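With the working numbering applied, the sequence shown corresponds to residues 7 to 310, in that order. Following: one structure in structure tokens, then a few remarks.
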Amino acid sequence: MRKLIVLGFVGLLAQLVDGSLGMAYGVTSSTLLLAAGLAPASASAAVHFSEIGTSLVSGFSHHKLGNVDWRTVSILALPGFVGAFAGATFLASLDGDAAKPWVAGLLLVLGLYVVWRFLVLGGRRPTFKSRPSAKMLAPMGLVGGALDAVGGGGWGPVGTTTLLSSGRLEPRKVVGSIDTSEFVVAVGGSLGFLLALSSQEIPWSYALALLAGGVIAAPIAAWLVKKLAARVLGVAAGGLIVVTNSKTIAETLGADPMTVATIAGALAFVWVTGILVAVLQERYSRLAAGDVADRELEVAGEGA
7 MRKLIVLGFV GLLAQLVDGS LGMAYGVTSS TLLLAAGLAP ASASAAVHFS
57 EIGTSLVSGF SHHKLGNVDW RTVSILALPG FVGAFAGATF LASLDGDAAK
107 PWVAGLLLVL GLYVVWRFLV LGGRRPTFKS RPSAKMLAPM GLVGGALDAV
157 GGGGWGPVGT TTLLSSGRLE PRKVVGSIDT SEFVVAVGGS LGFLLALSSQ
207 EIPWSYALAL LAGGVIAAPI AAWLVKKLAA RVLGVAAGGL IVVTNSKTIA
257 ETLGADPMTV ATIAGALAFV WVTGILVAVL QERYSRLAAG DVADRELEVA
307 GEGA
């Protein structure tokens, strides 16, 4: 019973992060389940079954708050479903560990670019290009869905990182669209696991505990995305990508736990500092915009 309560709390925290930054539910939950001794396929299955509920509530919450670009969701959904189904079905024969450091390296570079892109703006307001094309979204959905099923998490890191770095959607709509489309990915992965595993191999109690915590956190996370400034949200998401994937690369290279913890701690400090800088930049930008508006009102009053 104690383990289920802990899992419920983990599901709550994981969904709070995932729903506000667009990633980390699967990675966080899968890590804990693997540490508890579950086989990779069973751990990923539990995460995907719980995500059916959490992503449904999260998507609905994001939609109500205007955080979803439905064109992006509609293009991502089918490739994500196919990728997740294939990844789940063939998980036992796929060497996910061998691919993990290469994927982590790519995500690390993209994460650094995301942080740079939003911090380098200085006092200028972020601007965003036209929406992402189907040629970009379809392959991203296929790869993200497959990695999500194989690794127990990956839809958020791949999708959120790629869309943020492209600059084609504002961060809140990146997060909302990725979280909403994750429902279809979770269904695809779950169906694949139902075919590949026996019902006894799926830890249903663990999935329900994660689900309970995640459902509570989903509306809160969607509200946070609505309120956070694009600059702050972009730096927060990019920093999370950098910290998470640096840890993966360090572990793959054989670093001892103390070294991994030191690297993660140092990067976390830099990450928090970057968020504070983004907050200050945002405050300065808004004050400057307010001063300009006041001067325009004064000029208009004098002209009258």
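We put the CB at the ideal spot given by N, CA and C, even for glycine. In this text, all values refer to a predicted model and were calculated from it rather than measured experimentally.
| Asked | Found |
| --- | --- |
| Given Leu153 as reference, the closest of Ser183, Glu188, Leu125 and Leu239 once Cα atoms are compared | Glu188 |
| Endpoints, the alpha helix (DSSP H) within which Pro209 is located | Counting along the chain, Pro209 falls outside any alpha helix (DSSP H), and DSSP gives it neither H nor E. |
| Under 7 Å between C-beta atoms of Pro145 and Arg174 | no |
| Whole-angstrom distance between Trp229 and Glu285, CA atom to CA atom | Position check: residue 285 holds Val in this sequence, whereas Glu was assumed. Rounded to the nearest angstrom, the two C-alpha atoms are 18 Å apart. |
| At least 3 beta-carbon pairs within less than 8 Å: the region 248-263 vs the region 41-53 | no |
| Boundaries of the alpha helix (DSSP H) in which Met29 is found, first to last residue | Careful: Met29 lies outside any alpha helix (DSSP H) and carries neither H nor E. |
| Neighbourhood of Leu82 by C-beta distance below 6 Å, restricted to the same chain and skipping five residues each side | Leu143, Gly147 and Ser187 |
| Delimiting residues of the alpha helix (DSSP H) encompassing Ala47 | Pro46 to Lys70 |
| For Ile281 and Ala314, believed in contact at Cβ under 8 Å, the rounded distance | The shown model of the chain, from 7 to 310, leaves out residue 314, and the question about it has no answer. |
| DSSP three-state assignment for Ala235, whether helix, strand or coil | coil |
| The region 215-227 touching the region 59-68, judged by at least three CB pairs closer than 8 Å | yes |
| The region 154-171 contacting the region 188-198, beta-carbon criterion three pairs below 8 Å | yes |
| For Arg77 and Ala215, the rounded distance between their alpha carbons | 33 Å |
| Through-space distance from Gln206 to Val74, alpha-carbon basis | 37 Å |
| Through-space distance from Ser183 to Ser288, alpha-carbon basis | In the sequence under discussion, the amino acid at residue 288 is Glu, which differs from the Ser named in the question. Rounded to the nearest angstrom, the two C-alpha atoms are 24 Å apart. |
| Which of helix, strand or coil DSSP assigns to Ala261 | coil |
| CB contact flag (Ser211, His54, <7 Å) | no |
| Pro145 - containing alpha helix (DSSP H), residue span | Ala140 to Gly157 |
| Best match in Thr265, Glu257 and Leu217 for proximity to Val12 [C-alpha to C-alpha] | Leu217 |
| Chain-order list of residues whose beta-carbon lies under 6 Å from that of Gly17 (same chain, five-residue window excluded) | Leu216, Gly219 and Gly220 |
| Pair within 7 Å by beta-carbon distance, Ala52 and Pro209 | yes |
| Euclidean distance between Cα positions of Gly260 and Trp161 | 26 Å |
| C-alpha gap between Tyr119 and Arg8, whole angstroms | 41 Å |
| Beta carbon of Lys3 nearer than 7 Å to that of Leu84 | Here the chain has residues from 7 to 310 only, and residue 3 is not among them. |
| Helix, strand or coil at Pro251 according to DSSP, with G and I counted as helix | Sequence inspection shows Asn at residue 251; the Pro mentioned does not correspond to that position. Looking at Asn251 - three-state DSSP - the assignment turns out to be helix. |
| Distance CB(Ala177)-CB(Met29) smaller than 7 Å | The amino acid occupying residue 177 in the given sequence is Pro; Ala does not appear at that position. Going by C-beta atoms, Pro177 is not nearer than 7 Å to Met29. |
| Helix, strand or coil at Arg289 according to DSSP, with G and I counted as helix | helix |
| Classification of Thr268 by the beta-carbon crowding that lies within 10 angstroms, buried from 16 upward | exposed |
| Coil, strand or helix - Ser187 by DSSP | helix |
| Residue of Gly32, Trp122, Phe96 and Val278 minimising C-alpha distance to Ser61 | Gly32 |
| Nearest residue (CA-CA) to Leu239, options Ile58, Leu97, Thr95 and Trp122 | Trp122 |
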